[in-house]
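These notes concern the structure reproduced below.
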């Protein structure tokens, strides 16, 4: 007797997603009549439901009884393969195939995974440590380090695979995170700093693993009775949120080898109205983005380049400079670094547009930690130590002067560029010098300069002409010409409300939906997640976390207003989105509905976004842009 | 020969605003013919221009020559008197009178001023120091500081009244100016940095008092032989430009004695569509508001009551309570205090609506200063002091846990009420117990409960029914019944965007234009004013400070959307505004245009607002509500 098989018409055991013709052959040999009957029935069922069937059957005394049929569950790989096969066999259309594969399927196919058997084994042998929030998918194995500098050093100099472990992370931990294979925090939620950065860089990450206690002084983490010291191996599963002791074997898929997926995504692109671009700060991210099918860079964050170890001291001196001349001197030192960064980006994206955002964060993010410095100063004072005290005190005063009550709404973005234009002037020069050099090397460049945090057209009127003059000057100096654009982020509610005006000078809009969500809701992201966002989601006050999925009624209504008003002023206005929502299928659908030209997301999300864009186009076939309520 | 007189048809010397019939009589006696001719001509001119005339004339050899005539300048008091007189004489209509008096006139009549007798006394006793340019009106008394940081520190941390004294000011002095009651400079004119900033922020200011020498190193100012050291009291009259040594008593002019003004404002009320309410936290404010003509309380901030000395320790224990029971115990202690506060308010506003806002600020505002405590702890640790250390360390941990990166967008308002409902449950009980007690004493109460910081209707759906149950329970217990409302502030951009939904549960809207401006612009007010707002105003990026005058294109567009959508859902929706804009004439005009029912402002601004409301009604006569662009 055979029962509870899950078989499709091709005779594949699709739960495992691998051919298991042996089993079917056995059935064929033992009971040829029932076998033939079974193959006919399942084939009929599949043609009827146009979907692979999960059938239950039994054969009693040679007679086949079909007990149940339903659309089959399957692995991601099987789902893609079946859809593509069915198109090739003429069973379904390409459109059907696009609609049958889920974005989760695609996501799963692109992240390294732990071997399932090994995981079960680990649980049995007590190597399972904790479960936290699955913040950024993928499997990572590495040696644990509790400090960004050490993690980076071990990764770069000792060529170790490292996992950075912290209670939580901050911007000055990013270099350690990027250098690591994975990130683990004991605090924080799905939109904590660690989670956001990790997703951005496609680094597997588990946050809020609260069973773990991290002792930064002793450089250990403890879970129950287990103590993990610095340098010990751990394994982090960002897809499931699990953390294991030791080295867990992984399986890493490569997109080039996944020919079915490549075929499906090619069909998806043909059906989409939305393009998919990627957020990439470094040339290697851009290369990956391109391999994953991105048609442009929607966001390059230039300030990440400022945090790099050799540059940060120059950046700090530049910030503390007391005259414009002194500041310019430091910026002159930074210029070659930035030019090199941009050069690599343009080269990687040959032929495609590259949107580079001018410096955005408040300057105090680049400075040493105020509290730590304060503690040092107080300690030295109490102990009566004087050596170096005056210097530290001066630095403390300078840092304190930069302190802001609500830095998220403080001196940053275009506001900083107006108060201190030297920085962005250097950036634009670096960008256009790189673009000119690339052009001379035969590379096709399409630079787009993005001004962040605009709230009123007057800000653009003040800064943009100055920058355009620099762009033109560089092209004259280098005797080259290439197309370029100047545009702005729409991330301040007022920018969305007055977009009709702003579009008279901005040539493109890019929705910064992270900040736009923060300010439209009045939720400071980190504070909210820690304090009430979870409670809100639990109590049903928020159906979804608005930092993950665009809030259509609130934030979305402002976005739609901005596009409608903006295109009234400038019909050719290019509109994109570069917040994290750019990789979220529900948000991508909404971007399609309101008439975006593209979404931009982290490179690893590009394939998911390509599928989502096609699904949105199919769902809203024949509708140009959604109507107002 | 007579010349350059300033005389109106009533024979008053109107520059001083006082009768000077003696002069006119002299003219009449000496040259009766020219006198009669002069009186006829000036009377004709006034009838023609419908405005008091400032005439220049000469009489040569008995012949009258009229040299020039123009509308006369006059004091605020004269302006009001003339307008009322001209109505009474049938020369102009009440509407004309309303349009001829400026809101600045009314403002001047009500601003606290130095007592005239005390000023004369000061001159006699050598306390008059200097006279400079009257750069920004108002009287200020405070302790002199010669450095912005110290002035700010003394004002914020030591709660001193401070006057910032400098030779001149620069942008990095602004934080000290804003924190101070007044500003004094020895250099500069009416358009100097100090003058512009002071006017911008409504801070009394005298500039260019050149008799004063400011020695920044020694931290003293000297005038003749008098030396004023840091911390000494001085008095600055920004209306007249005078500076005095010591604390000069101020008088708030009594409105009751200004019968012409009362008459004019009565006419204003009859012509207005907007009512004027007042923001008042204490019964004495409510009484003043009522005397000034307020028709309701638009905002009572209940948390001010929490800061009072005897209550703060209870509030702190309540915040640190680890169980709901422990918290409720402390709240039970606070309840009688709150009930008493509310009782006084209802009694003062007998017959008028009183809107009470539930607790709004983040809880850390009620706790001791984190940095100070941290310094104490570090000092004790270094010194090896253990007594009381553990306790301080525990408190520090608790306060640190409350720390937020951007508290303005953090755990406060309705978010706090949802996470910790015990506080607002106590507040609503206190409010309704007080209202019931007042009703039993024959007072007519109209309580309106205002929920702050709403961003989604779901928040109201969660909290409002709980509070309504308490309200009803109290009325049952006390066996009384009175009308009441539950409504919300509209201060989060998302609330404005989704107001149509929110109005299905909220019975009234009150625009919190301070926060709405902060979040719509993404300007943290304190940070922005210190860091870039002034630069923006100077550079013409902002035409007006949006925290003083409603930004019609951005914030205003959201307000109009909210009213339009809200009234579609609930045509009877009561709409007001309780931000500081409620006292600004330009903003009041806008509130009239978009269909507000009332504006609410500080008691002293009520007369100004009453006039502005009438002027708006006259300017937009015949228009119900402004059209969309």
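Chains as they are written, first to last, in my numbering: chain A, 179 to 807; chain B, 179 to 807.
Each residue gets a CB set at the ideal place from its N, CA and C atoms; glycine is no exception.
For the region 654-672 of chain A, the set of positions with a beta-carbon nearer than 7 Å to some beta-carbon of chain B reads 670, 671 and 672 in chain order. Cβ proximity to chain B below 8 Å picks out 553, 556, 557, 560 and 561 from the region 553-565 of chain A. Taking a Cβ-Cβ cut-off of 8 Å, the neighbours of residue 705/B in chain A comprise 582, 583, 584, 585, 587, 588 and 589, given in sequence order.
For residue 756/A, there is no enclosing beta strand (DSSP E), as DSSP marks it with neither H nor E.
Against chain A, the CB of residue 247/B has no partner CB under 8 Å away; the residue lies outside that interface. 631, 633, 634, 636, 637, 639 and 640: these are the residues of the region 623-657 of chain A whose beta carbon lies less than 9 Å from some beta carbon of chain B, given in chain order.
Per DSSP, the continuous beta strand (DSSP E) segment holding residue 393/A begins and ends at 390-393.
Residue state for residue 349/A is assigned as helix, using DSSP reduced to three classes.
Among the CB atoms of chain B, none fall inside 8 Å of the CB of residue 214/A. Within the region 676-698 of chain A, those residues whose Cβ lies closer than 8 Å to any Cβ of chain B are, in chain order, 676, 679, 693, 696, 697 and 698. For residue 714/B, the enclosing alpha helix (DSSP H) has its first and last residue at 712-716. At least one C-beta of chain A is nearer than 8 Å to the C-beta of residue 736/B. Under the DSSP assignment, residue 643/A falls in the alpha helix (DSSP H) whose first and last residues are 635-656. Cα atoms of residue 740/B and residue 677/B: separation of roughly 5 Å, rounded to the nearest angstrom.
The secondary-structure analysis by DSSP pairs residue 232/B across a beta bridge with 248/B.
The continuous alpha helix (DSSP H) containing residue 679/B extends over residues 677-680. By the Cβ rule, the region 572-584 of chain A does not count as touching the region 510-525 of chain A, because fewer than three pairs are nearer than 8 Å. When DSSP reads this structure, residue 665/A sits in a beta bridge with 628/A. Close partners of residue 713/A in chain B (Cβ separation under 8 Å): 596 and 597.
The Cβ-Cβ distance between residue 420/A and residue 295/A does not fall below 8 Å. When C-alpha distances from residue 469/B are compared across 805/B, 798/B, 804/B and 780/B, the shortest belongs to 780/B. Residue contact with chain A for residue 764/B: absent (no Cβ-Cβ distance below 8 Å to any residue of chain A). Per DSSP, the beta bridge partners of residue 779/A are 456/A.
Put simply, of 679/B, 612/B, 605/B and 611/B the residue whose alpha carbon is nearest the alpha carbon of residue 637/B is 679/B.
For residue 744/A, no beta strand (DSSP E) run applies; the uninterrupted alpha helix (DSSP H) run containing it begins and ends at 735-747, by DSSP. Close to residue 323/B, with beta-carbon spacing below 7 Å, lies no residue of chain A; the smallest spacing is near 18 Å.
Not a single CB atom of chain B sits nearer than 8 Å to the CB of residue 748/A.
Secondary structure at residue 242/B: strand, using DSSP grouped into helix, strand and coil. Taken through DSSP and simplified to helix, strand or coil, residue 530/A comes out as coil.
The region 411-428 of chain B makes contact with the region 285-305 of chain B: 3 or more CB pairs, one atom from each, lie closer than 8 Å.
When secondary structure is reduced to three states using DSSP, residue 316/B falls in the coil class, being assigned neither helix nor strand. Sequence-distant partners of residue 430/B (beyond 5 residues in either direction) whose C-beta falls short of 7 Å from its own C-beta, in its chain, are 290. Taking 4 residues as the shortest admissible run, the region 464-545 of chain B contains the following complete alpha helix (DSSP H) segments, listed from N- to C-terminal end: 490-498 and 502-526.
Judged by DSSP in its simplified three-state form, residue 344/B adopts strand. Following the DSSP letters along the chain, one finds residue 591/A inside the alpha helix (DSSP H) bounded by residues 591-597. Contact annotation for residue 702/B against chain A: 582, 583, 584, 587 and 588 [CB-CB distance below 7 Å, chain order].
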